[in-house]
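Numbering (my numbering), first residue to last: 637 to 841.
Don't be surprised by glycine CBs; every beta carbon is placed ideally from N, CA and C.
Small disclaimer: the values here were computed from a predicted structure and weren't measured.
Structure representation (C-alpha coordinates):
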(Lines of atoms letter the chains of each structure in order from A; the text may use other names.)
(Lines give C-alpha, C1' and ligand atoms only; values in the text may rest on other atoms or scores of the structure.)
Protein backbone atom coordinates (compact mmCIF):
# COMPACT_ATOMS: atom_id res chain seq x y z
CA UNK A 637 0.00 0.00 0.00
CA UNK A 638 1.30 3.44 -0.93
CA UNK A 639 2.45 5.65 1.94
CA UNK A 640 0.53 8.81 1.09
CA UNK A 641 1.40 12.07 2.84
CA UNK A 642 -1.83 13.81 3.84
CA UNK A 643 -0.44 16.87 5.62
CA UNK A 644 2.11 19.34 4.32
CA UNK A 645 3.44 19.74 7.87
CA UNK A 646 4.60 16.11 7.80
CA UNK A 647 7.26 16.92 5.19
CA UNK A 648 10.83 17.74 6.13
CA UNK A 649 11.65 20.90 4.17
CA UNK A 650 15.37 20.24 4.59
CA UNK A 651 15.15 16.87 2.89
CA UNK A 652 15.71 16.19 -0.81
CA UNK A 653 12.68 14.68 -2.58
CA UNK A 654 11.92 13.10 -5.96
CA UNK A 655 8.95 12.93 -8.30
CA UNK A 656 8.15 9.51 -6.83
CA UNK A 657 7.70 11.23 -3.46
CA UNK A 658 5.73 14.07 -5.05
CA UNK A 659 3.17 11.62 -6.43
CA UNK A 660 2.36 10.49 -2.88
CA UNK A 661 1.55 13.98 -1.59
CA UNK A 662 -2.22 14.29 -1.14
CA UNK A 663 -2.48 17.51 0.87
CA UNK A 664 -4.32 20.62 -0.36
CA UNK A 665 -1.30 22.93 -0.55
CA UNK A 666 0.26 23.36 -4.01
CA UNK A 667 4.00 22.93 -4.13
CA UNK A 668 6.77 22.70 -6.69
CA UNK A 669 9.88 20.57 -6.52
CA UNK A 670 13.07 22.27 -7.71
CA UNK A 671 16.25 20.21 -7.64
CA UNK A 672 14.83 18.12 -4.83
CA UNK A 673 13.75 21.01 -2.62
CA UNK A 674 10.14 21.90 -1.86
CA UNK A 675 8.87 25.35 -2.77
CA UNK A 676 5.42 26.34 -1.56
CA UNK A 677 3.31 28.11 -4.13
CA UNK A 678 1.37 31.25 -3.28
CA UNK A 679 -2.14 30.86 -1.86
CA UNK A 680 -5.06 31.10 -4.28
CA UNK A 681 -4.19 33.77 -6.87
CA UNK A 682 -5.76 37.20 -6.45
CA UNK A 683 -8.24 38.54 -9.00
CA UNK A 684 -5.61 40.55 -10.88
CA UNK A 685 -3.49 37.44 -11.33
CA UNK A 686 -6.49 35.44 -12.55
CA UNK A 687 -7.63 38.13 -15.00
CA UNK A 688 -4.15 38.38 -16.51
CA UNK A 689 -3.88 34.61 -16.79
CA UNK A 690 -7.29 34.36 -18.46
CA UNK A 691 -6.51 37.09 -20.97
CA UNK A 692 -3.15 35.65 -21.88
CA UNK A 693 -4.64 32.19 -22.17
CA UNK A 694 -7.37 33.53 -24.48
CA UNK A 695 -4.83 35.32 -26.70
CA UNK A 696 -2.53 32.32 -26.92
CA UNK A 697 -5.32 29.80 -27.48
CA UNK A 698 -6.58 31.88 -30.40
CA UNK A 699 -3.09 32.11 -31.84
CA UNK A 700 -2.50 28.37 -31.73
CA UNK A 701 -6.04 27.25 -32.58
CA UNK A 702 -4.93 26.05 -36.02
CA UNK A 703 -1.41 25.12 -34.94
CA UNK A 704 -0.06 21.76 -33.79
CA UNK A 705 1.25 23.34 -30.58
CA UNK A 706 -0.86 23.01 -27.43
CA UNK A 707 -1.32 25.40 -24.53
CA UNK A 708 -1.75 24.58 -20.86
CA UNK A 709 -2.39 26.60 -17.72
CA UNK A 710 -1.74 25.83 -14.06
CA UNK A 711 -2.16 23.53 -12.31
CA UNK A 712 -0.29 21.35 -14.78
CA UNK A 713 2.91 19.48 -13.92
CA UNK A 714 6.03 20.07 -15.98
CA UNK A 715 8.83 17.59 -15.29
CA UNK A 716 12.26 18.98 -16.10
CA UNK A 717 14.59 16.00 -16.25
CA UNK A 718 16.52 13.93 -18.76
CA UNK A 719 15.42 10.72 -17.06
CA UNK A 720 11.96 9.13 -16.91
CA UNK A 721 12.71 7.32 -13.66
CA UNK A 722 10.38 8.94 -11.10
CA UNK A 723 12.83 8.04 -8.32
CA UNK A 724 15.54 10.12 -10.00
CA UNK A 725 13.47 13.10 -11.19
CA UNK A 726 14.15 16.06 -8.91
CA UNK A 727 12.25 18.93 -10.54
CA UNK A 728 8.50 19.36 -11.10
CA UNK A 729 7.08 22.85 -11.64
CA UNK A 730 3.66 24.33 -12.43
CA UNK A 731 4.05 27.37 -14.68
CA UNK A 732 1.10 29.73 -15.02
CA UNK A 733 0.99 29.14 -18.79
CA UNK A 734 2.94 27.03 -21.25
CA UNK A 735 3.07 26.28 -24.95
CA UNK A 736 4.28 22.84 -26.03
CA UNK A 737 4.95 22.06 -29.69
CA UNK A 738 6.53 18.63 -29.30
CA UNK A 739 3.38 16.73 -28.41
CA UNK A 740 5.33 13.55 -27.62
CA UNK A 741 6.28 15.29 -24.36
CA UNK A 742 2.67 15.28 -23.16
CA UNK A 743 1.11 12.32 -21.39
CA UNK A 744 -2.09 11.88 -19.39
CA UNK A 745 -0.78 13.81 -16.39
CA UNK A 746 2.15 16.04 -17.27
CA UNK A 747 4.66 17.49 -19.70
CA UNK A 748 7.92 15.52 -19.79
CA UNK A 749 10.58 18.05 -20.70
CA UNK A 750 10.77 21.75 -21.41
CA UNK A 751 7.82 23.58 -22.99
CA UNK A 752 8.73 25.90 -25.86
CA UNK A 753 7.25 28.94 -24.10
CA UNK A 754 6.63 29.46 -20.40
CA UNK A 755 4.81 32.42 -18.86
CA UNK A 756 4.95 33.18 -15.14
CA UNK A 757 2.81 35.87 -13.50
CA UNK A 758 4.40 37.42 -10.43
CA UNK A 759 2.62 37.31 -7.09
CA UNK A 760 3.78 39.04 -3.89
CA UNK A 761 4.91 35.72 -2.43
CA UNK A 762 6.66 34.24 -5.45
CA UNK A 763 8.48 37.07 -7.22
CA UNK A 764 11.93 36.01 -5.99
CA UNK A 765 11.35 32.45 -7.16
CA UNK A 766 10.29 33.56 -10.64
CA UNK A 767 12.92 36.27 -10.99
CA UNK A 768 15.93 34.19 -10.01
CA UNK A 769 15.39 30.51 -9.29
CA UNK A 770 13.02 29.78 -12.15
CA UNK A 771 14.88 32.04 -14.55
CA UNK A 772 18.02 29.96 -14.01
CA UNK A 773 16.05 26.70 -14.05
CA UNK A 774 14.29 27.44 -17.34
CA UNK A 775 17.50 28.66 -18.94
CA UNK A 776 19.34 25.53 -17.83
CA UNK A 777 16.58 23.27 -19.19
CA UNK A 778 16.40 25.14 -22.51
CA UNK A 779 12.94 26.62 -22.37
CA UNK A 780 13.18 28.55 -25.62
CA UNK A 781 11.22 31.60 -24.49
CA UNK A 782 10.25 32.80 -21.03
CA UNK A 783 7.93 35.67 -20.11
CA UNK A 784 7.71 37.27 -16.68
CA UNK A 785 4.49 39.23 -16.22
CA UNK A 786 4.54 41.87 -13.48
CA UNK A 787 0.99 42.97 -12.48
CA UNK A 788 2.21 45.62 -10.03
CA UNK A 789 4.23 47.55 -12.63
CA UNK A 790 2.14 46.39 -15.60
CA UNK A 791 5.13 45.13 -17.58
CA UNK A 792 6.06 41.96 -19.45
CA UNK A 793 9.69 40.89 -19.78
CA UNK A 794 10.69 38.45 -22.53
CA UNK A 795 13.78 36.26 -22.41
CA UNK A 796 14.77 34.36 -25.55
CA UNK A 797 17.25 31.48 -25.46
CA UNK A 798 20.33 31.97 -27.64
CA UNK A 799 23.36 29.68 -27.38
CA UNK A 800 22.06 28.27 -24.07
CA UNK A 801 21.72 31.73 -22.49
CA UNK A 802 18.73 34.01 -22.18
CA UNK A 803 18.85 37.24 -24.12
CA UNK A 804 16.58 39.80 -22.41
CA UNK A 805 14.47 42.39 -24.18
CA UNK A 806 13.58 45.68 -22.57
CA UNK A 807 10.48 45.34 -20.38
CA UNK A 808 7.32 46.03 -22.34
CA UNK A 809 4.78 48.48 -20.91
CA UNK A 810 1.15 49.21 -21.70
CA UNK A 811 2.31 51.57 -24.48
CA UNK A 812 4.02 48.71 -26.33
CA UNK A 813 3.02 45.85 -28.59
CA UNK A 814 4.36 42.47 -27.60
CA UNK A 815 5.73 40.18 -30.30
CA UNK A 816 7.09 36.77 -29.41
CA UNK A 817 10.61 36.03 -30.64
CA UNK A 818 9.85 32.33 -31.01
CA UNK A 819 6.38 32.76 -32.48
CA UNK A 820 6.42 36.02 -34.51
CA UNK A 821 2.71 35.79 -35.32
CA UNK A 822 1.97 35.93 -31.60
CA UNK A 823 1.63 39.66 -31.06
CA UNK A 824 -0.79 41.90 -29.22
CA UNK A 825 -0.96 45.25 -27.36
CA UNK A 826 0.34 44.83 -23.82
CA UNK A 827 -2.47 47.07 -22.65
CA UNK A 828 -5.02 44.33 -23.38
CA UNK A 829 -3.45 42.15 -20.70
CA UNK A 830 -3.51 44.73 -17.90
CA UNK A 831 -6.62 46.74 -18.75
CA UNK A 832 -8.77 47.34 -15.64
CA UNK A 833 -6.98 44.66 -13.60
CA UNK A 834 -7.06 46.86 -10.51
CA UNK A 835 -10.65 47.99 -10.99
CA UNK A 836 -11.98 45.57 -8.40
CA UNK A 837 -9.02 45.79 -6.06
CA UNK A 838 -10.13 45.23 -2.48
CA UNK A 839 -10.46 48.43 -0.50
CA UNK A 840 -8.66 48.38 2.82
CA UNK A 841 -10.91 48.99 5.82
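query, result
"Is the distance from the Cβ of residue 756 to the Cβ of residue 766 below 7 Å?", "yes"
"How big is the Cα-Cα spacing for residue 651 and residue 785?", "31 Å"
"Suppose the cutoff is 7 Å on Cβ atoms and the five residues either side in sequence are ignored; what does the same chain contact list for residue 648 look like?", "none"
"Let's see if you can read the secondary structure: which residues bound the beta strand (DSSP E) around residue 781?", "781-786"
"Below 7 Å between beta carbons: does that hold for residue 711 and residue 734?", "no"
"When you compare only the Cα positions, how much space is there between residue 800 and residue 779?", "9 Å"
"Using a 10 Å radius around the Cβ and a threshold of 16 neighbouring Cβ atoms, would you call residue 660 buried or exposed?", "exposed"
"Quick test of your reading: residue 809 and residue 826, contact by CB under 8 Å. State the CB separation rounded to the nearest angstrom.", "6 Å"
"Is residue 727 near residue 768, with beta carbons less than 7 Å apart?", "no"
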